[in-house]
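Residue numbers (our numbering), protein chains in the order written: chain A, 4 to 217; chain B, 3 to 242.
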């Protein structure tokens, strides 16, 4: 059985080909961002289609169409609730930021993403790389990110090395590597100019979500 | 000499765009130019002759900034993806990495392994059609380049889900397989054409199927392998 996730904006046509194009569709989860009349019209049209097809649906209204991290976390939560199902994510509708959030979630969770071509109304798969999670973040890096998160989002390298039980010198290379990957930032500590402070990047909660909510 | 700062921006409008949409489109490009530092501008667009775009080109060129306008079909995902990726590849310091060998991997890598984010390139995905923006974003993830969304709310950085380490593991063996499977081909024929040992061939083929650069179809009890358009694109890029 397949659960279809879809972002929707003004065009109901952007989601319907995904509902018709797959066998054994069990449910539709719709993400949309505004109470705008045109969006609601499109949502209602999709609802009516689902009713006619006897297909259950669930709406998830996103608060801010430009808050990528909050949107992606909400999507992760919904994916977690359906983790034992086959999922297809249609990222065609809504704002570009919402679509970007959906693409990021699909890459992290290895979910097949599709879009419906506005010109042809045909569904096409997005060529997302099916990478192992270690290609995005290694186990060691995940451990470091968790410690930083537990510490309120930032930590001094010395404290971090104590928590990991390793020498400070050994951690500096790993931290530089993580900074280059965009996982953390390393700044001068404003309270102690001789020390640095390491902060998690804004999207780290996304990478830790699955582990923390298993 | 100043370090080159390259801004790549998507720009354009949908087929049903109104005057308001046109104004928004140019506003997004203006905001990207204000928010992201650049001394070279590359615009990916389906409307290369747009009067306001030409105006921006003139202004920037008078200021000594090189402006390139690349025309794309904003409704053809594969074409958009290929053009964006080619543009990004042409700006990356690939040549300097070529030929450097990692003794552990018998010199098969095309790139040297070195975690990096290319900070001299910024990409704004707020303009143009959703399809163009999506293709651009995915190409940025694959190449390890930061993308932004610039509009009247300001500049928003898209978190970089960096997949370059995967791309760095693409080696000449993969290119051989991708090129051999240009036309649908059976397992034995493909293995023969790749000139790889059984175990290496199986490992590389599995990797390429996983990343959807090779697809397979079962016809008359025979499995045929075929390189996808994206796979072929990368095979050509990496064999350059």
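Here a beta-carbon is modelled for each residue, glycine too, at the ideal position from N, C-alpha and C.
Following the DSSP letters along the chain, one finds residue 196/A in no alpha helix (DSSP H) but inside the beta strand (DSSP E) bounded by residues 195 to 203. Assignment of beta strand (DSSP E) within the segment 6 to 52 of chain B, counting only whole runs of 3 or more residues, yields 8 to 13, 42 to 47 in chain order. Taking C-beta atoms as the reference points, residue 139/B and residue 103/A count as a pair closer than 8 Å.
The residue among 186/A, 194/A, 18/A with its C-alpha nearest the C-alpha of residue 45/A is 18/A. Chain-ordered, the chain B residues with CB closer than 7 Å to the CB of residue 122/A read 77.
Among the residues of chain B, those whose CB is under 7 Å from the CB of residue 99/A are 127, 128, 132, 135, 151, following chain order. A Cβ-Cβ distance of about 11 Å is found for the pair residue 7/A and residue 23/A, leaving them out of contact under the 8 Å criterion. By the beta-carbon neighbour count (other beta carbons within 10 angstroms, threshold 16), residue 130/B is buried. Chain-order list of chain B residues neighbouring residue 94/A: 132, 136, by C-beta distance under 9 Å. Secondary structure of residue 64/A (DSSP, three-state): strand. Taking C-alpha positions only, residue 68/A is separated from residue 40/A by approximately 15 Å.
Between residue 27/B and residue 82/B, the gap from beta carbon to beta carbon reaches 8 Å or more. Counting only the Cα atoms, residue 197/A lies some 20 Å from residue 166/A.
By the C-beta criterion, the segment 72 to 81 of chain A is judged to be in contact with the segment 104 to 113 of chain A, since at least 3 inter-stretch pairs fall below 8 Å. Apart from sequence neighbours up to five positions away, the residues of its chain that approach residue 126/A with a beta-carbon distance below 7 Å are 20, 21, 24, 117, 119, ordered along the chain. Contact fails between the segment 64 to 83 of chain B and the segment 186 to 200 of chain B, because fewer than three Cβ pairs, one in each stretch, are under 8 Å apart. DSSP places residue 71/A inside the alpha helix (DSSP H), whose first and last residues are 71 to 84. When Cβ-Cβ separations below 8 Å define contact, residue 134/A makes contact with chain B. At least 8 Å separates the CB of residue 10/B from every CB of chain A.
In the three-state reduction of the DSSP assignment, residue 222/B falls in the coil class, being assigned neither a helical nor a strand state. Around the beta carbon of residue 204/A, 16 or more other beta carbons sit within 10 angstroms, so the residue counts as buried. Taken through DSSP and simplified to helix, strand or coil, residue 241/B comes out as helix. Annotation: the continuous beta strand (DSSP E) that includes residue 70/B extends over 68 to 73.
The DSSP-derived three-state label of residue 127/A is strand. Only residues of its own chain outside the window of five on either side were considered, and among them 228, 230 have a CB closer than 7 Å to the CB of residue 217/B, listed in chain order.
For residue 185/B, not one C-beta of chain A is nearer than 8 Å to its own C-beta.
For the pair residue 205/B and residue 57/A, the Cα-to-Cα distance works out to about 44 Å. The DSSP-derived three-state label of residue 94/B is coil.
Chain-ordered listing is empty here: chain A has no CB closer than 8 Å to the CB of residue 64/B, the nearest sitting near 31 Å.
DSSP, reduced to helix, strand and coil, places residue 212/A within a helical segment of the structure shown. Taking a 10 Å sphere around the C-beta of residue 184/A, we find 16 or more other C-beta atoms and assign the residue as buried. Interface residue (Cβ-Cβ distance to chain A less than 8 Å): residue 144/B is classified as such. For residue 118/A, the nearest CB of chain B lies under 8 Å from its own CB, placing it at the interface with that chain. At a cut-off of 8 Å between beta-carbon atoms, residue 19/A makes no contact with chain B.
For residue 166/B, the three-state secondary structure derived from DSSP is helix.
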